[in-house]
Amino acid sequence: AQKITQTQPGMFVQEKEAVTLDCTYDTSDPSYGLFWYKQPSSGEMIFLIYQGSYDQQNATEGRYSLNFQKARKSANLVISASQLGDSAMYFCAMRQGAQKLVFGQGTRLTINP
Amino acid sequence: NAGVMQNPRHLVRRRGQEARLRCSPMKGHSHVYWYRQLPEEGLKFMVYLQKENIIDESGMPKERFSAEFPKEGPSILRIQQVVRGDSAAYFCASSPRGLAGGPFTDTQYFGPGTRLTVL
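From first to last, the protein sequence lines stand for chains U and H.
For the first sequence, this note's numbering assigns the number 1 to the initial residue and increments by one for each residue that follows.
For the second sequence, this note's numbering assigns the number 1 to the initial residue and increments by one for each residue that follows.
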């Protein structure tokens with residue numbers, strides 16, 4: 001079975017610093033997709049970034065980048081120049097089978113002024 | 001360019017009542033997924049539907065839960081005879097197509113969720 005592990009329950013970072021949120025995954029499928037979602041206190045799930053297993057380059061979306069290390073089965077999210085509005089829960093997820101997503105337990109990120 | 005719509009946003013039911021949660025996918029999306037999130041946990045897959053078809057219901061509890069996505073109208077997640085353990089946030093997501101592929105087809109966009117409280 002596929003599994004996502006996020007080992008950091010909570011992280012505290014100073015504003016303007018970069019932050020790395022860890023995510024490791026386990027799958028036997030050669031083809032898979034990895035996602036990061038942000039869940040602010042208001043509760044909605046916001047898509048941030050996607051990495052395909054065959055993508056040669058790490059995905060980037062503005063201040064978000066995904067550090068994809070296939071051999072180590074890790075897909076860490078890097079947020080550059082953190083802002084107060086980045087405070088939220090962050091979930092790593094993997095596409096399992098045709099379409100359903102498997103989520104990790106999440107990391108609660110707090111940005112301090 | 002409306003996103004995924006869910007209603008109601010908050011739903012309170014007493015034990016034994018029925019809960020009906022509605023989801024309208026993004027325009028142009030024909031694939032709908034339902035997930036459940038318990039407090040302080042990640043989302044857990046429940047069911048994947050296309051119009052008039054249930055594709056994968058491996059995450060649905062065997063009893064009391066059902067889902068549909070009719071030809072016309074929103075997708076409905078129905079919970080009969082609710083119990084306190086059903087209290088959770090229920091999220092709906094949609095995607096354009098169901099085939100595995102690149103980010104355009106793979107990405108699921110989520111609605112704001114329905115928070116169900118069972119008294």
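By construction, the Cβ of each residue, glycine as well, lies at the ideal position given by its N, Cα and C atoms.
Secondary structure of residue i, DSSP reduced to three states
i: D22/U; result: coil
i: G59/H; result: coil
i: L84/U; result: helix
i: R84/H; result: helix
i: T107/H; result: coil
i: Q56/U; result: coil
i: M26/H; result: coil
i: T5/U; result: strand
i: K38/U; result: strand
i: Q69/U; result: strand
i: M45/U; result: coil
i: L11/H; result: strand
i: K44/H; result: strand
i: L2/H; result: For the sequence presented, residue 2/H should be read as Ala rather than Leu. DSSP places A2/H in coil when its eight states are reduced to three.
i: E61/U; result: strand
i: K71/H; result: coil
i: G104/U; result: coil
i: L77/U; result: strand
i: Q99/U; result: coil
Contact check, residue i vs residue j, beta carbons under 8 Å
i: P8/H; j: S94/H; result: no
i: Q14/U; j: N76/U; result: no
i: E90/H; j: K100/U; result: Sequence inspection shows Tyr at residue 90/H; the Glu mentioned does not correspond to that position. Their beta carbons are not under 8 Å apart, which means Y90/H does not touch K100/U by this criterion.
i: R115/H; j: E18/H; result: no
i: T107/U; j: G10/U; result: yes
i: I55/H; j: A67/H; result: no
i: A88/U; j: Q39/U; result: yes
i: Q2/U; j: D26/U; result: yes
i: G111/H; j: V4/H; result: yes
i: T5/U; j: T20/U; result: no
i: E61/U; j: I79/U; result: no
i: G113/H; j: G43/U; result: yes
i: G42/H; j: F91/U; result: yes
i: A68/U; j: Y109/H; result: Reading off the sequence, residue 68/U comes out as Phe, not Ala. It is not a contact, given that the beta carbons lie outside the stated cut-off.
i: T107/H; j: S87/H; result: no
i: S65/U; j: A71/U; result: no
Cβ-Cβ separation, residue j to residue i (assumed contact under 8 Å), whole Å
i: Q6/H; j: R22/H; result: 7 Å
i: K71/H; j: K51/H; result: 6 Å
i: R15/H; j: V83/H; result: 6 Å
i: S82/U; j: A18/U; result: 7 Å
Beta carbons nearer than 7 Å to chain H: which residues of the stretch 41 to 71 of chain U have them?
G43, E44, M45, F47, Y50 and G52
Compile a chain-ordered list of the residues in the stretch 33 to 44 of chain H whose CB is closer than 7 Å to at least one CB of chain U.
Y33, E41, G42 and L43
Using a Cβ cut-off of 8 Å, which residues of the stretch 7 to 32 of chain H contact any Cβ in chain U, in chain order?
H31
Which residues of the stretch 86 to 101 of chain U have a Cβ closer than 7 Å to any Cβ of chain H? Give them in chain order.
F91, R95, A98, Q99, K100 and L101
Between the stretch 47 to 58 of chain H and chain U, which residues of the former have a C-beta closer than 7 Å to a C-beta of the latter?
Y48 and D56
What are the residues of the stretch 10 to 25 of chain U that lie near chain H, defined by any Cβ-Cβ distance shorter than 9 Å?
none
Along the stretch 61 to 80 of chain H, what residues have a CB closer than 8 Å to any CB found in chain U?
none
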